[in-house]
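Under our numbering, the letters of the sequence shown match residues 16 to 308, in that order.
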Amino acid sequence: MSRPLGPPTWRLLAAAALATLVAAATYLLFVRTSLGQRFDNAALAGSHLQTASTRTTDISQLQRITADSFAVVLVVLAVIGILRRRPRLGIGAAIAAAVAVIGVDILKKYVLTRPELAHNTVLITGNTFPSGHTATAIACALALVMVTAPRWRGAAAVIGGSYAWITAAQVQTAGWHRPSDAIGAALLGFAAVATVAALLSRWRPNGYVEGARHRVALTLLGVIWLVAAATAGFEAVRVLHYLTVHDPSFTLTTAVEGDAYHFSVGVTIVVVVSLLMTLLVLLRGYDLDEPVA
16 MSRPLGPPTW RLLAAAALAT LVAAATYLLF VRTSLGQRFD NAALAGSHLQ TASTRTTDIS
76 QLQRITADSF AVVLVVLAVI GILRRRPRLG IGAAIAAAVA VIGVDILKKY VLTRPELAHN
136 TVLITGNTFP SGHTATAIAC ALALVMVTAP RWRGAAAVIG GSYAWITAAQ VQTAGWHRPS
196 DAIGAALLGF AAVATVAALL SRWRPNGYVE GARHRVALTL LGVIWLVAAA TAGFEAVRVL
256 HYLTVHDPSF TLTTAVEGDA YHFSVGVTIV VVVSLLMTLL VLLRGYDLDE PVA
């Protein structure tokens, strides 16, 4: 992988814009149409078919994501930048994560709505798009990739990314969110981090570390992607059959609900891992700031 021409400013901005557009399309398709809500609700119902111990464990893990724990992570991101003698990069990474989480919270509470267009067998009230917990985990993971030294970005993507996609799955298993909530949050979190990374690459000198190709990390993430995609594909046929049936006598069975849940988790992991791999490829060996004297 040779060094590309010029810093990745415009590539990062293009990726951020595309992620934002896909997030908007996700909202319009899955929240503002009856067909999308049928799938979301089926997957939500399927989450309640998981074992009680699994759901309890996931809820316990999710409850650790609080405002205090998020603040600690923001400080850690800034400290990493300071230790690397790149305080602007560390502060920028913390700002990117904060913007993602605050922006998602504002969208969910004050901007986006969820009309009732399809029958929901599981009680969950109010708008849940996008997921704040998912945005927090993914934005922090992506910001960690951004602030980490180029040679260690792959490890940061695998470690932080694993926590991100697990959290995106857990919010569904716990019954806290529908699949579109997690997918939309992931896309918006990526858009925020990629935008800040683009701004830094535009206004700060860009060093480049030769050999930082992240082959091992991309391979590991690729394996996770393939497994998740295979899982989703295996469940896709029956889920698509359910979504396209217009016969009023068709009954949503627990089998279909379980298929929808597994399909949604697989697709969510594919999206999260794709975003991690995209950021790794875009940043490559670029360091987004020069060290201070």
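C-beta: ideal position from N, C-alpha, C; glycine also. Note that this is a predicted model, so its numbers are computed, not measured.
*Among all the DSSP beta bridges, which residues are the ones paired with D302?*
G222
_Rounded to the nearest angstrom, what separates L64 and S279 at their Cα positions?_
14 Å
*Is N56 helix, strand or coil when you go by DSSP?*
helix
*DSSP state of F85 mapped onto helix, strand, coil*: helix
*So what's W180 in DSSP terms, helix, strand or just coil?*
helix
*Is the beta carbon of A275 sitting closer than 7 Å to the one on G61?*
yes
*Would you mind reading off the limits of the alpha helix (DSSP H) that contains W167?*
Taken as a continuous stretch (DSSP letters only), W167 belongs to no alpha helix (DSSP H), as it is neither H nor E.
*Measure the C-alpha to C-alpha separation of P263 and A57 and round it to an integer number of angstroms.*
Residue confidence for P263 is low, a pLDDT of 49 falling below 50, so the modelled location carries little weight and cannot support an answer.
*Quick one: give me the first and last residue of the alpha helix (DSSP H) that I45 is part of.*
Note on identity: in this sequence residue 45 is Phe, with Ile being the wrong assignment. First-last of the alpha helix (DSSP H) with F45: T24 to F45.
*asked:* My output table needs one value for T128: the three-state DSSP class, helix, strand or coil.
replied: coil
_Can you tell me whether R70 is helix, strand or coil according to DSSP?_
helix
_Which listed residue (H277, A179, R79 and V231) has its alpha carbon closest to that of P249_ = The sequence given here has Phe at residue 249, not Pro. The residue with the shortest Cα to Cα distance from F249 is H277.
*Which value, in whole angstroms, describes the spacing of the CA atoms of V271 and T81?*
34 Å
*Helix or strand or just coil, what does DSSP make of G321?*
The requested residue 321 is not part of the displayed model; the chain covers only 16 to 308.
*Assess, as a yes-or-no matter, whether the region 290-306 is touched by the region 225-242 under the definition of 3 or more beta carbon pairs within less than 8 Å.*
yes
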